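In the UniProt record's numbering, the protein residues as written are 1 to 238. See below for the structure under consideration.
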Amino acid sequence: MGQKSNPNGLRLGIIQNWRSQWYAEDKQVPNLVYEDFKIRTLIKKFYIRGIISEIEIKRKKSNSEEITINLFTSKIGLVQGADNKEKNKLLQKIEKTINKKILLNVFEVKTIDKIASLVAQNVAMQLQQRSYFRAVQKITTQKVLKSGAKGVKIILSGRLGGAEIARRETISLGLVPLNTFRADIDYAFEEAHTTYGVLGVQVWIFHGEVLPNKTIADTRQFFVQMQEIRKHFVRRYP
1 MGQKSNPNGL RLGIIQNWRS QWYAEDKQVP NLVYEDFKIR TLIKKFYIRG
51 IISEIEIKRK KSNSEEITIN LFTSKIGLVQ GADNKEKNKL LQKIEKTINK
101 KILLNVFEVK TIDKIASLVA QNVAMQLQQR SYFRAVQKIT TQKVLKSGAK
151 GVKIILSGRL GGAEIARRET ISLGLVPLNT FRADIDYAFE EAHTTYGVLG
201 VQVWIFHGEV LPNKTIADTR QFFVQMQEIR KHFVRRYP
């Protein structure tokens, strides 16, 4: 019987990088992992859903008193606030929680519909607002494909539509090769808390294959160039 696995975890060290980047001795690892967990939980509670796409934590040394946190967001104005008020509030909360100096950087993400975490958060918010789940699935998958993704799959599970018996509903468009390690697949999971129970939201987005010894950005540029060459060839030799 096959076992389920996280698509992001399978590709770490192959085509994806770690979201916590540091090295430590064995005795220090549990404390630092728990510290990262507290930071991520605090940030997610501080902002509303559908804003933060990724949280990256970096340490120069395992015993370093300074931590670098990179926030990737679709709405940089809401994250920073007027005169960086919201950003400074968050900074003070984190420093008070872990008693370390924090360097907080905020980066804007423009391709909202191509990031699995943002898509999953938006789907969860719509379900909490009592939108019809099939309509949400259909509209969301179409948006993702229009944004330039190669494929998308969304699975909703739980008491969908208030049904007495929990079930799963799956919608998939395009290619989503989960067994191919060189496939650039973005995965996210979210929960929607509704009046009739908790619904699970899973999102897979396929961006294309990453060639050996190439970064994701280099590979995407390569495929764009190949498409232009193919168009030119078709025009000359119909």
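Every residue, glycine too, gets a C-beta built ideally from N, C-alpha and C. Please read all numbers here as calculations on a predicted model, not as lab measurements.
With 16 other Cβ atoms within 10 Å as the buried cut-off, status of residue i
i, result
"Gln-28", "exposed"
"Asp-26", "exposed"
"Glu-108", "exposed"
"Asn-122", "buried"
"Val-33", "exposed"
"Tyr-196", "exposed"
"Thr-170", "exposed"
"Trp-18", "exposed"
Member of the options whose CA lies at the smallest distance from the CA of residue i
i, options, result
"Ile-165", "Leu-127, Val-198 and Val-136", "Val-198"
"Phe-133", "Gly-151, Leu-156, Gln-142 and Lys-150", "Leu-156"
"Ala-124", "Gly-208, Ile-154 and Leu-71", "Ile-154"
"Ile-185", "Ile-48, Lys-45, Val-152 and Gly-77", "Val-152"
"Asn-99", "Ser-117, Glu-66 and Leu-78", "Glu-66"
"Val-201", "Ala-149, Leu-42 and Ser-117", "Ser-117"
"Ser-172", "Gly-161, Gln-142 and Ser-64", "Gln-142"
"Ser-20", "Gly-50, Thr-68 and Trp-204", "Thr-68"
"Asn-70", "Leu-91, Ala-82, Gly-208 and Ser-5", "Leu-91"
Coarse secondary structure for residue i, derived from DSSP in three states
i, result
"Glu-108", "strand"
"Gly-9", "helix"
"Thr-180", "coil"
"Lys-101", "strand"
"Ile-185", "strand"
"Val-210", "coil"
Boundaries (first-last residue) of the beta strand (DSSP E) holding residue i
i, result
"Lys-58", "52–58"
"Ile-69", "66–73"
Boundaries (first-last residue) of the alpha helix (DSSP H) holding residue i
i, result
"Glu-35", "29–46"
"Ala-124", "116–128"
"Val-79", "76–80"
Those residues which DSSP pairs with residue i across a bridge
i, result
"Val-152", "Leu-173 and Ile-205"
"Phe-133", "Its beta-bridge partners do not exist; DSSP assigns none."
"Glu-191", "Gly-200"
"Gln-21", "Lys-58"
"Ser-157", "Arg-168 and Gly-200"
"Gln-16", "Leu-12"
C-beta neighbour in chain B for residue i, strict 9 Å
i, result
"Leu-10", "Included in the structure is just one protein chain, with no chain B present."
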